[in-house]
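Line order of the protein sequences matches chains A and B.
Under this note's numbering, the residues of the first sequence are numbered 24 to 374, in order.
Under this note's numbering, the residues of the second sequence are numbered 24 to 374, in order.
What follows is a set of notes on a single structure, which appears directly below.
Number of protein chains: 2
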Amino acid sequence: MTISSVGEFTLIDRLAAVLKDTGPTGLLVGIGDDAAAWRPTPNTVTVATTDALVEGVHFDLSTTGWADLGWKALAENVSDVAAMGCWPRYALVALALPDRLSVRDLEDLYRGLQACATAFGCQAVGGDVAASHYVTIAVTLIGESLPATGADDQPPLLRRSAARAGDVVATTGPLGASAAGLRLLREAAGTEADDAAALVSAHLRPMPRVTAGVVLVQAGVRCAIDVSDGLVADLGHICEQSGVDAEIRADRVPLHPAARARFPDTALDMALGGGEDYELVCTGSAEALARASRELAARGEPPLVTIGRILPQRGAAPRVSVLGKDGDLVRPERAGYQHFTHDVRSGWPKQ
Amino acid sequence: MTISSVGEFTLIDRLAAVLKDTGPTGLLVGIGDDAAAWRPTPNTVTVATTDALVEGVHFDLSTTGWADLGWKALAENVSDVAAMGCWPRYALVALALPDRLSVRDLEDLYRGLQACATAFGCQAVGGDVAASHYVTIAVTLIGESLPATGADDQPPLLRRSAARAGDVVATTGPLGASAAGLRLLREAAGTEADDAAALVSAHLRPMPRVTAGVVLVQAGVRCAIDVSDGLVADLGHICEQSGVDAEIRADRVPLHPAARARFPDTALDMALGGGEDYELVCTGSAEALARASRELAARGEPPLVTIGRILPQRGAAPRVSVLGKDGDLVRPERAGYQHFTHDVRSGWPKQ
């Protein structure tokens with residue numbers, strides 16, 4: 024059985040099943056959340072996440088600049104740490120590189136990475152470089168929780184497994200911009216206009232919601248994920264880990280205005296299934312989400328947008344439903360990106 | 024200027040120069056040691072290291088088994104943590120994989136990784152899988168120092184920069200076995216005999232010296248590196264970071280007995296330049312090394328072997344000299360492995 028016949032998520036389950044808990048104590052979160060988490064001291068939690076970007080799969084050197092690539096390689100890890108409600112701290116960078124590359128290009132890669140580190144208050148502190156056939160960039164980021172407060176002495180985290188029936192579902196901002204920007208880049212459309220540039224920038228230089236993640240956790244929210252695979256797919260991860268269903272109202276999903284203007288017919292699909300927006304999707308009580316919205320506004324950040332609700336699981340498997348204005352079921356065209364189900368060269372889904 | 028024209032170590036220097044110290048406080052060790060290190064709390068130090076293994080460069084799927092590959096991918100990171108005098112704790116695994124691979128092979132990879140984690144008391148807690156053209160395995164390992172003791176309140180670490188003129192140079196065990204094992208594998212020689220099997224095992228399933236690293240640090244030793252590139256090259260890293268010269272006595276370098284028996288003419292070169300032995304090379308006062316040797320013996324581990332001494336830097340650049348029995352200079356054939364100076368397909372040095 025090849026990995027393309029089982030897909031990314033089954034593969035992860037199979038590999039996780041091989042691992043045993045034989046290690047040090049203090050592990051709080053293992054495989055399956057946005058990051059792993061453990062307690063190095065009673066009062067704090069360390070989180071760690073890793074992501075690999077592969078030439079020809081995640082990026083194309085003919086259309087992606089090296090500095091953008093450096094930004095994005097770190098930013099997607101920053102987003103995972105934000106989705107745990109933690110501050111990003113220390114990054115390690117493992118590079119596999121063909122020796123035809125120029126040193127100057129790689130310095131540009133590091134300039135983009137450094138710009139992202141500066142923007143989000145973290146730092147690249149080590150790494151590895153190895154010869155290879157294609158460029159692969161694996162970044163690992165270590166973050167830190169807020170300190171424990173309150174009676175339960177638990178450092179607070181945002182978990183995928185913490186959604187409860189009755190929770191409200193919200194997002195920290197508009198969706199679909201990254202997918203629209205990628206479409207513009209692939210069509211080699213003019214990207215000079217302000218609205219096109221905003222979409223392309225959303226794809227190439229995403230801005231993870233670190234402050235929003237910390238505000239959520241401070242407001243008492245305990246469940247979130249970042250939108251990397253696509254809203255429906257990522258909310259689906261929350262449902263699987265929490266054993267609940269979710270219902271989204273399509274008319275409430277905030278579409279990026281430039282995506283809606285450029286792609287009026289497909290902007291909703293881009294928002295539901297496009298991915299790489301790196302906004303957070305969270306669930307919690309209406310009161311906790313309102314507290315978080317007020318605090319976000321006080322910090323000059325956009326308020327949360329309510330898009331749906333969490334329900335008890337009704338079927339054999341947890342499910343995300345997208346409802347239209349009149350309550351009918353909307354079927355999103357793409358269910359979110361999954362590795363090994365797409366062609367490595369073109370990036371498009373296999374038939 | 025391509026990266027093959029500058030080589031691995033210059034490339035690392037150029038990339039490190041792009042990074043700025045803009046991040047969180049508490050960083051103790053940045054790029055250039057076996058691992059990065061920071062203080063999450065006043066009393067402890069966290070260390071982190073990452074290494075990428077690339078198909079066709081670091082391993083060949085036609086001769087390397089998946090379980091061996093999983094062991095080695097973690098073991099070389101365990102060795103970096105050992106070389107800091109720390110305990111390995113949590114590992115993250117980023118895999119880039121062609122979709123033709125079988126799930127069973129990847130489960131074997133994880134079985135090997137789990138066996139190594141069990142052997143050294145650490146745990147794989149997260150990761151990432153992505154589609155790719157070739158197999159790349161990037162493992163990040165996070166470790167923990169011994170707690171701070173003594174008047175200076177510094178958690179103790181083994182550093183590359185801590186060698187001082189007058190120090191004795193020692194190794195934790197015999198060298199050359201890994202290079203000899205690789206030679207046997209490449210020559211497709213019979214590897215069933217006990218001595219050949221020992222060499223092959225040293226190459227495929229190296230045993231990092233975690234206990235030895237901790238014993239060194241407890242005995243007051245503060246300088247070490249693991250032998251990954253080759254004894255002369257790795258001791259050279261210590262000399263560069265410490266601003267000293269080193270002198271090794273070739274006749275004192277402990278050769279693995281099976282390597283000496285199988286390859287009498289080249290065993291010394293294998294020990295000096297072969298690499299991947301994952302023993303530790305340390306420097307310190309004769310008293311501290313003697314204390315460490317006694318403690319190692321008490322724990323049933325082999326004692327340290329003294330192989331040379333640290334001298335003040337005499338030339339423009341720090342230098343490692345290898346002396347024969349009569350005090351003449353021995354020139355090791357290979358100066359240690361450096362990426363981008365070897366052909367990606369064959370693994371052999373470029374001309």
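Cβ atoms here follow ideal geometry from the backbone N, Cα and C, with glycine treated the same way.
Requested in this report: Report the neighbours of VAL29(B) on chain A: residues whose CB is nearer than 7 Å to its CB, in chain order.
Outcome: Going along chain A in sequence order, the residues near VAL29(B) (Cβ under 7 Å) are VAL126.
Query raised in the report: Using CA coordinates, which residue listed in ASP190(B), GLY204(B), GLY199(B) is at the minimum distance from GLU302(B)?
Result: The option with the nearest alpha carbon to GLU302(B) is GLY199(B).
Report task. Could you check which residue in PRO280(B), LEU76(B), TYR113(B) has the C-alpha nearest to that of THR159(B)? Result -> Measuring from the Cα of THR159(B), the nearest candidate turns out to be LEU76(B).
Requested in this report: Kindly say whether ARG34(B), judged by its beta-carbon, lies nearer than 9 Å to any beta-carbon of chain A.
Outcome: The amino acid at residue 34(B) is misidentified as Arg; the sequence shows Leu. At least one chain A Cβ lies under 9 Å of LEU34(B).
Query raised in the report: So, helix, strand or coil for ILE330(B), using DSSP?
Result: In the structure shown, ILE330(B) sits in a strand (DSSP, three-state: E or B).
Requested in this report: Spell out whether any CB of chain B is found under 9 Å from the CB atom of TRP61(A).
Outcome: Yes, because at least one Cβ of chain B sits closer than 9 Å to the Cβ of TRP61(A).
**Report entry** Reduced DSSP secondary structure (H/G/I, E/B, other) of GLU356(A)
**Finding:** Here GLU356(A) scores only 46 on pLDDT, less than 50, and its place in the model is too uncertain to base an answer on.
Query raised in the report: By DSSP, does ASP292(B) sit in helix, in strand, or in coil?
Result: The answer is helix: DSSP assigns ASP292(B) an H, G or I state.
Query raised in the report: With distances taken from CA atoms, which of SER85(B), ASP74(B), ASP56(B) is nearest GLY108(B)?
Result: Measuring from the Cα of GLY108(B), the nearest candidate turns out to be ASP56(B).
Query - Nearest-angstrom Cβ-Cβ length linking PRO197(A) and PRO277(A), presumed shorter than 8 Å - result: The beta-carbon separation of PRO197(A) and PRO277(A), rounded to 4 Å, stays under the 8 Å limit for a contact.
Query raised in the report: So which residues of chain B does GLU270(A) contact, with C-beta pairs closer than 9 Å?
Result: Neighbours of GLU270(A) on chain B: none; closest Cβ ~30 Å, over 9 Å.
Query raised in the report: Just how far apart, CA to CA, sit LEU222(B) and SER201(B)?
Result: Distance between the alpha carbons of LEU222(B) and SER201(B): 6 Å.
Query raised in the report: For the region 129-145 of chain A, which residues have a CB atom closer than 7 Å to at least one CB atom of chain B, in sequence order?
Result: Here the close residues are LEU129, GLU130, TYR133, ARG134, GLN137, ALA140, THR141, GLY144, CYS145.
Report task. Out of ALA171(A), ALA138(A), VAL70(A), HIS81(A), state which residue places its alpha-carbon closest to the alpha-carbon of HIS226(A). Result -> Of the residues ALA171(A), ALA138(A), VAL70(A), HIS81(A), the one whose Cα lies closest to the Cα of HIS226(A) is HIS81(A).
**Report entry** CA-to-CA distance, GLU78(B) to VAL328(A), given in whole angstroms
**Finding:** Near 46 Å, if we compare the C-alpha coordinates of GLU78(B) and VAL328(A).
Query - DSSP beta-bridge partners of ALA154(A) - result: Partner residues in the beta bridge of ALA154(A), as assigned by DSSP, are LEU120(A).
Query raised in the report: Is the Cβ-Cβ distance between TYR113(A) and LEU164(A) less than 9 Å?
Result: Yes, they are a contact pair.
Query raised in the report: Which residues, in order along the region 299-326 of chain B, keep a beta-carbon less than 8 Å from a beta-carbon of chain A?
Result: So nothing in the stretch comes that close.
Query - Under 8 Å from the C-beta of LEU180(B): neighbouring residues of chain A - result: By Cβ distance, chain A contributes nothing, its closest Cβ being about 14 Å from LEU180(B), past 8 Å.
Query raised in the report: Going straight from the alpha carbon of GLU99(A) to that of ASP74(A), what length do you get?
Result: Distance between the alpha carbons of GLU99(A) and ASP74(A) is about 8 Å.
**Report entry** Contacts that MET24(B) makes with chain A (C-beta to C-beta distance below 8 Å)
**Finding:** Residues of chain A whose Cβ lies closer than 8 Å to the Cβ of MET24(B) are, in chain order, SER125, VAL126, ARG127.
Report task. With 8 Å as the C-beta to C-beta threshold (strictly closer), list the residues of the region 159-170 of chain B near chain A in chain order. Result -> For the region 159-170 of chain B, which is checked against every Cβ of chain A, the residues closer than 8 Å are THR159, ALA161, THR163, ILE165, GLU167.
Query raised in the report: Taking 9 Å as the CB-CB cut-off, is LEU334(B) touching chain A?
Result: Answer no: the Cβ-Cβ gap between LEU334(B) and chain A never drops below 9 Å.
Query raised in the report: If you count every other CB in all the chains shown that lies within 10 Å of the CB of THR172(B), and 16 or more means buried, which is it?
Result: By the neighbour-count rule (16 or more Cβ atoms within 10 Å), THR172(B) is not buried but exposed.
**Report entry** Terminal residues of the beta strand (DSSP E) in which THR67(B) lies
**Finding:** First-last of the beta strand (DSSP E) with THR67(B): 67-77.
Query raised in the report: What is the DSSP secondary structure of GLY307(B), reduced to helix, strand or coil?
Result: Of the three classes helix, strand and coil, the one that applies to GLY307(B) here is strand, per DSSP.
Requested in this report: Can you give me the Cβ contacts of ASP122(B) inside the same chain, cut-off strictly under 8 Å, excluding the 5 residues immediately before and after it?
Outcome: A distance below 8 Å between beta-carbons, with the five flanking residues on each side excluded, links ASP122(B) to the following residues of its chain, in chain order: ALA154.
**Report entry** Euclidean distance between Cα positions of LEU180(A) and THR72(B)
**Finding:** It is roughly 25 Å from the alpha-carbon of LEU180(A) to the alpha-carbon of THR72(B).
Query - chain A contact for GLY95(B) (CB, 9 Å cutoff) - result: A quick correction: the sequence has Lys, not Gly, at residue 95(B). No, LYS95(B) does not count as interfacial toward chain A.
**Report entry** Chain-ordered chain A contacts of ASP151(B) [CB-CB under 7 Å]
**Finding:** The answer, in chain order, is THR73, ASP74, ALA75.
Requested in this report: Identify whether ALA320(B) lies in helix, strand or coil by the three-state DSSP scheme.
Outcome: Three-state DSSP puts ALA320(B) in a helix.
Query raised in the report: Leaving out five residues before and five after VAL353(A) in sequence, what residues of the same chain have Cβ atoms less than 6 Å from its Cβ?
Result: Take VAL353(A), set aside five residues on each side of it, and the residues of its chain with a beta-carbon closer than 6 Å to its own are ALA273, VAL345, GLY347, in chain order.
Report task. Could you tell me which chain A residues have their CB closer than 8 Å to the CB of SER344(B), listed as they occur along the chain? Result -> Simply none; closest approach about 28 Å.
Query raised in the report: Who does CYS262(B) pair with in a DSSP beta bridge?
Result: DSSP output for CYS262(B) lists no bridge partner at all.
Query raised in the report: Hey, is GLY260(A)'s beta-carbon within less than 9 Å of any beta-carbon in chain B?
Result: Here residue 260(A) is His; the residue named in the question, Gly, does not match the sequence. At least 9 Å separates the CB of HIS260(A) from every CB of chain B.
Requested in this report: With GLY166(A) as the anchor, note down where its beta strand (DSSP E) starts and where it stops.
Outcome: 159-167 is the span of the beta strand (DSSP E), which, as asked, contains GLY166(A).
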